[in-house]
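Enquirer:
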Amino acid sequence: MYIADQWKDYELIDTGDGERLERWGEILLRRPDPQIIWPKKSDDPRWNQVHGHYHRSSSGGGEWEWKRKIPEKWDLGYQQLKFHIKPTNFKHTGLFPEQAANWSWMMDKIRNAGRPISVLNLFAYTGGATVAASSAGAEVVHVDAAKGMVQWAKENHQLSGIGDRPVRFITDDVFKFVQREQRRGNKYDAIIMDPPSYGRGPGGEMWKLEQSLYPFLESCMSIMSDQPLFLLINSYTTGLAPTVLSNILSMTMKQRYGGTISSGEIGLPITNSGMTLPCGILGRWES
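All residue numbers for the sequence shown refer to the working numbering, where the first residue is 2 and numbers rise by one.
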């Protein structure tokens, strides 16, 4: 398992009864998590001292119950990176802290490459990986279909003090963008993707990860450079084993370029129990 255990501003304090208790800087939040099927064992008083508690609705979705006043948004740091945190209506905060395990890995890869590296970040959300790659010296193209998320990513990039670095922020459908890059002949040394389990394209095309990921990965190979550095796939699709990502990377990237593949779960350490909370899977190909 790849564990994001270098945080200072974020902490997963405790888990139990389907919920996680977290510290985001000075703000305490309590949120549901479907992976937490064990009971709450600790009597940590902070469970009842949270600023906000997200309640799921039986009809889907949910809402925040605010018990203490918080800023509309606040900042969180990871090493030299900075991010705006803002709780959303979908229980998320604009940042997935477990991804720090990937940020550290990609920053090392880029810094040690000994040459200029161009990175394409697809389904790029609020730009955690974009900020990490840019801070390590890469030239980055950030693509997400949600205009609000792209703006949030721009703010994170500025906040990290690297706003002058070469990053193109693009609001577009990732599939159409990759097709246009194929026609334009543009190439990338590294590709990062965090595809959804389900989705619809601009023309109503159905995306289902189990059916769509392999052909999409094949299309992305056509825009890899002759000397690719890495390709990273993240997935939060429940029931998908890490070995599945390893297998499709073996049939695509490894078959063409050689290199090595690694895959596994990604997780966060739980302070009170010493256990680890699984937060998804990843597959990495590297030269």
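Note that beta-carbon positions come from the ideal geometry of N, C-alpha and C, so glycine has one too.
Can you pull the DSSP bridge partners for Asn235?
Expert: Position 234 of the sequence shown, counted from the first residue, corresponds to residue 235. For Asn235, which the question treats as bridged, DSSP gives the partners Leu283.
Enquirer: At a threshold of 8 Å, does Met252 count as lining the ligand ZN (C-beta to nearest heavy atom)?
Expert: Because no ligand of any kind appears in the structure shown, any question about the ligand ZN cannot be addressed here.
Enquirer: My parser needs the beta strand (DSSP E) runs of 3 or more residues fully inside the stretch 169-198; what are they?
Expert: List check, beta strand (DSSP E) in window: 191-194.
Enquirer: Helix, strand or coil for Tyr126? Go by DSSP, reduced to three states.
Expert: Stepping through the sequence shown from its first residue, residue 126 is reached at position 125. Reduced to three states, the DSSP call for Tyr126 is coil.
Enquirer: Please work out which residues of its chain come closer than 6 Å, Cβ to Cβ, to Ile171, disregarding the five sequence neighbours upstream and downstream, and give them in chain order.
Expert: Mapped onto the sequence shown, residue 171 falls at position 170. Here the set comprises Val144.
Enquirer: Enumerate in chain order the residues of its own chain whose CB-to-CB distance from Gly63 is below 7 Å, with the five nearest sequence positions on each side excluded.
Expert: Counted from its first residue, the sequence shown places residue 63 at position 62. Excluding sequence neighbours, Gly63 sits near Tyr55, His56, Arg57, Lys92.
Enquirer: Considering just the uninterrupted stretch of the alpha helix (DSSP H) at Met222, what are its terminal residues?
Expert: For this step, residue 222 is matched to residue 221 along the sequence shown. Start and end: 210-222.
Enquirer: In angstroms, rounded to a whole number, what distance separates the CA positions of Arg201 and Lys41?
Expert: Here residue 201 refers to the residue found at position 200 of the sequence shown. Here residue 41 refers to the residue found at position 40 of the sequence shown. Approximately 38 Å, taken between the alpha carbons.
Enquirer: Mark Trp67 as exposed unless 16 or more other C-beta atoms lie within 10 angstroms of its C-beta, in which case mark it buried.
Expert: For this step, residue 67 is matched to residue 66 along the sequence shown. Exposed, by the Cβ-count rule.
Enquirer: Taking Thr261 as part of the beta strand (DSSP E), name the residues at either end of that continuous run.
Expert: Numbered from 1 along the sequence shown, position 260 holds the residue referred to as residue 261. Here the beta strand (DSSP E) through Thr261 covers 261-270.
Enquirer: Compare the C-alpha of His85 against each of Val151, Glu287, Gly115 and name the closest.
Expert: Translated into the one-based positions of the sequence shown, residue 85 becomes position 84. Answer by Cα proximity: Val151.
Enquirer: What does a CB cutoff of less than 6 Å around Gln100 pick up in its chain, not counting 5 residues either side in sequence?
Expert: In the sequence shown, counting from the first residue as 1, residue 100 sits at position 99. Contacts found: Gly129.
Enquirer: Comparing alpha-carbon positions, which option in Pro279, Arg112, Leu269 lies nearest Leu13?
Expert: Translated into positions along the sequence shown, residue 13 becomes position 12. The candidate whose alpha carbon is nearest that of Leu13 is Leu269.
Enquirer: How many Å lie between Ser220 and Ala134 at the Cα?
Expert: Start at 1 with the first residue of the sequence shown, and residue 220 comes out as number 219. Start at 1 with the first residue of the sequence shown, and residue 134 comes out as number 133. One C-alpha to the other measures close to 22 Å.
Enquirer: So what does DSSP say about Met108, is it helix, strand or coil?
Expert: By 1-based counting over the sequence shown, the position of residue 108 is 107. Looking at Met108 - three-state DSSP - the assignment turns out to be helix.
Enquirer: Between which two residues does the alpha helix (DSSP H) containing His52 stretch?
Expert: By 1-based counting over the sequence shown, the position of residue 52 is 51. Where His52 is concerned, there is no enclosing alpha helix (DSSP H), given that its DSSP letter is neither H nor E.
Enquirer: Short of 6 Å in beta carbon distance, which residues of its chain neighbour Glu211, apart from the five on each side in sequence? Order them along the chain.
Expert: Working through the sequence shown from its first residue, we reach residue 211 at position 210. None.
Enquirer: Quick check on Ser161: buried or exposed, where buried means 16 or more other Cβ atoms within 10 Å of its Cβ?
Expert: Here residue 161 refers to the residue found at position 160 when the sequence shown is read from its first residue. Answer is buried; the Cβ neighbour count reaches 16.
Enquirer: Would DSSP call Ser58 helix, strand or coil?
Expert: Residue mapping note: residue 58 aligns to position 57 of the sequence shown, counting from 1. Reduced to three states, the DSSP call for Ser58 is coil.
Enquirer: Determine the closest residue to Asp34 out of Trp25, Gly19, Ile28, with distance taken between C-alpha atoms.
Expert: What you label residue 34 is simply residue 33 of the sequence shown in a count that begins at 1. Nearest option by C-alpha distance: Gly19.
Enquirer: Quick one: Cα of Leu230 to Cα of Ala139, how far?
Expert: Here residue 230 refers to the residue found at position 229 of the sequence shown. Here residue 139 refers to the residue found at position 138 of the sequence shown. Using only the alpha carbons, I get a separation of about 11 Å.
Enquirer: So the alpha helix (DSSP H) Pro33 belongs to, where does it begin and stop?
Expert: Here residue 33 refers to the residue found at position 32 when the sequence shown is read from its first residue. Run containing Pro33: none in the alpha helix (DSSP H); it sits in the beta strand (DSSP E), 28-33.
Enquirer: Using only CA atoms, which one of Ser247, Pro243, Trp208 lies nearest to Phe124?
Expert: Position 123 of the sequence shown, counted from the start, is the residue given in the question as residue 124. Nearest option by C-alpha distance: Trp208.
Enquirer: Does DSSP put Gly78 in a helix, a strand or coil?
Expert: Translated into the one-based positions of the sequence shown, residue 78 becomes position 77. Note: Gly78 maps to strand in three-state DSSP.
Enquirer: If we ignore side chains and look at the alpha-carbon of each, how far apart do Val141 and Lys70 end up?
Expert: Translated into the one-based positions of the sequence shown, residue 141 becomes position 140. Translated into the one-based positions of the sequence shown, residue 70 becomes position 69. Distance between the alpha carbons of Val141 and Lys70: 37 Å.
Enquirer: If you run the structure through DSSP and keep just helix, strand and coil, what is Ile249?
Expert: For the purposes of this step, residue 249 is taken as residue 248 along the sequence shown, with counting starting at 1. Of the three classes helix, strand and coil, the one that applies to Ile249 here is helix, per DSSP.
Enquirer: Determine the DSSP secondary structure at Ser119, reduced to helix, strand or coil.
Expert: Position 118 of the sequence shown, counted from the first residue, corresponds to residue 119. Of the three classes helix, strand and coil, the one that applies to Ser119 here is strand, per DSSP.
Enquirer: Tell me, please, whether the CB atom of Leu250 is closer than 9 Å to any CB atom in chain D?
Expert: Looking for chain D here will not work: only one protein chain is present.
Enquirer: So which of Lys177, Thr131, Asn122, Gly281 has the shortest CA-CA distance to Ser198?
Expert: Within the sequence shown, the letter at position 197 stands for residue 198. Ser198 has its Cα closest to that of Gly281, out of Lys177, Thr131, Asn122, Gly281.
Enquirer: Skipping 5 residues on each side, what residues in its chain have a beta carbon closer than 8 Å to that of Ser136?
Expert: Working through the sequence shown from its first residue, we reach residue 136 at position 135. So the list reads Gln81, Leu82, Met108, Ser161, Ile163, Arg166, once near-sequence residues are dropped.
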